[in-house]
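Participant:
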Amino acid sequence: PVPFDVERVRRDFPILQQEVNGHPLVYLDNAATTQKPRAVIQALVDYYEGYNSNVHRAAHALSERATQAFEDARDTVGRFLNVADRREIVWTSGVTESINLVAWSWGRANLKAGDRVLVSAMEHHSNIVPWQLVAEPLGATVEPIPVDETGTLDMEAFRALLDERVRMVSVGHVSNALGSINPVEEIIAAAHAVGALTLIDGAQAVGHFPVDVQALGCDFYAVSAHKVFGPTGIGALYGRLALLESMPPWQGGGEMIETVSFAGTTYGGVPHKFEAGTPNIADVIGFGAAIDYLNSLDRAGAQRHEDDLLAYAEERARATEGLRLVGTAQAKTGVMSFLVDGTHPADLGTLLDHQGVAVRTGHHCAQPIMDQFGIPGTVRVSLAFYNTREDIDRLFAALDKARQFF
Ligand code: PMP
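As numbered in UniProt numbering, residues 16 to 421 make up the sequence shown, in order.
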């Protein structure tokens, strides 16, 4: 790939070339969802204009083409995460459904009274609630791994929580609320040492740095396409093949069976056993196109650019009177959460929006960590490689102006 050049890359994203509320758009809400390059939009148009049809069954040319593109995307996403076998990629609607799949399939079949599921105190609700739904009726517990005041996972406390009743450790790779990067390799090794399985929520990781599931050694890894420049409503669950094979289906319907009769039904192999119904074909293809696009970039250069931007933003934040950073872990990526004295995050968000600066405010689907910090929420600035220094300057200029209202 050619060396990373932010101005060139920005031209791949049509949505960035517009004015919002009379100002050129500054899009700093990438942790909520990323923008889509033209290549992804075109892949969706090509599918619907040229070969829309159902996959896997029909005996006609369009269906064969769709099936090919659909399964090629599985290879693309599998290579992106460095899986050992393409069947280890199960299509889901995103991280939320990936975690629900594991909780309802593996969890319901394996958790018993007294068993423990550990998640971190800074998890997204989607890595808390599915476990509660499944564990509580079985008499199993869902417990938080402590996080300190900087937003760093307390590894000593984690090790102290581990015993043979811990059956699953499910943690985020990167916190969407604070940007903290968790030491997942260490977490996985420690969990395995007591016989627990591990699930890593990669929603906020894969758009920022390369991930290799075999090197990590995790049992499950969950991703959403829309956080990596692909479509919404599509994602993947990586699961170790032997583990996926041992798990029961969690949703029934077409596509997931081998034979159906009233005397008893048999299920298809992995991954189809977990993909009931007509899948989200267009968006699977769009997901593949997003990964192809990412692979075409100088990713190391993009990562350096993003790291520089975060350092620059935090340096400016530290120099701003009355601004308090929330989440100051040593290892961070992509996210700067903060509060400004005398202002409410929601009001600040609205005043920034009036100046064309898009951020997110609130609890970021991570209420427990906000409660721990004793705050209702934050203003969150979240970056992608197409952001610029000028975006950060515009943010701080808009913040200055907003504060004049208070
Ligand atoms: N986990 C994290 C860390 C997230 O940031 C998000 C999305 N905000 C999710 C899970 C849920 O992802 P999705 O809504 O795509 O299922």
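For glycine and all other residues, C-beta sits at the position ideal for the given N, C-alpha and C. Just so we're clear, the structure is a prediction, and the values are computed from it rather than from any experiment.
What's the call for Leu116, buried or exposed, on a 16-neighbour Cβ count within 10 Å?
Facilitator: Burial call: buried.
Participant: Name the residue from Gln318, Ala328 and Met351 whose alpha carbon lies nearest to the alpha carbon of Asp20.
Facilitator: Ranking Gln318, Ala328 and Met351 by Cα distance to Asp20 puts Gln318 first.
Participant: How would you write the range of the alpha helix (DSSP H) that Glu112 sits in, first residue to last?
Facilitator: Where Glu112 is concerned, the enclosing alpha helix (DSSP H) stretches over Val110 to Val117.
Participant: Identify every residue that forms a DSSP beta bridge with Glu34.
Facilitator: Looking at the DSSP assignment, Glu34 forms a beta bridge with Pro39.
Participant: Looking at Ala118: is its Cβ nearer than 8 angstroms to the Cβ of Ala155?
Facilitator: The answer is no: Cβ separation not under 8 angstroms.
Participant: For the ligand PMP, which residues count as neighbours when the test is a C-beta closer than 5 angstroms to any heavy atom?
Facilitator: Selection output, chain order preserved: Gly109, Val110, Thr111, His139, Ser141, Gly187, Asn191, Asp216, Ala218, Gln219 and Ser239.
Participant: Note down the Cα distance separating Gly377 from Asp362, rounded to an integer number of angstroms.
Facilitator: Straight-line Cα distance between these residues: approximately 11 angstroms.
Participant: Please state the DSSP three-state secondary structure of Thr213.
Facilitator: Residue state, collapsed to three classes: strand.
Participant: Excluding the 5 residues flanking Leu366 on each side, which residues of the same chain have their C-beta closer than 8 angstroms to its C-beta?
Facilitator: Cβ neighbours of Leu366 beyond the five flanking positions: Ala413, Lys416, Ala417 and Phe420.
Participant: Looking at Ala304: is its Cβ nearer than 8 angstroms to the Cβ of Val55?
Facilitator: Result yes, Cβ atoms of Ala304 and Val55 sit closer than 8 angstroms.
Participant: Please go through the region 362-400 and give each complete alpha helix (DSSP H) segment of 4 or more residues, from N-terminal end onward.
Facilitator: Counting only runs of 4 or more, we get 382-388.
Participant: Looking at the structure shown, is Leu410 part of a helix, part of a strand, or coil, going by DSSP?
Facilitator: Looking at Leu410 - three-state DSSP - the assignment turns out to be helix.
Participant: With a CB to CB cut of under 7 angstroms and the five nearest residues on each side skipped, what residues in its chain are close to Tyr253?
Facilitator: Within the same chain, Tyr253 has close Cβ partners Leu96, Val98, Glu103, Ile104, Val228, Phe235 and Tyr236.
Participant: In this structure, how does DSSP classify Pro52 when only helix, strand and coil are distinguished?
Facilitator: Coil, per DSSP.
Participant: Name the two residues that bound the continuous alpha helix (DSSP H) containing Ala73.
Facilitator: Unbroken run through Ala73: none, as it is neither H nor E.
Participant: Going by Cα to Cα distance, which pick from Gly65, Ile407 and Leu398 is closest to Ser78?
Facilitator: For Ser78, the nearest C-alpha among the options comes from Gly65.
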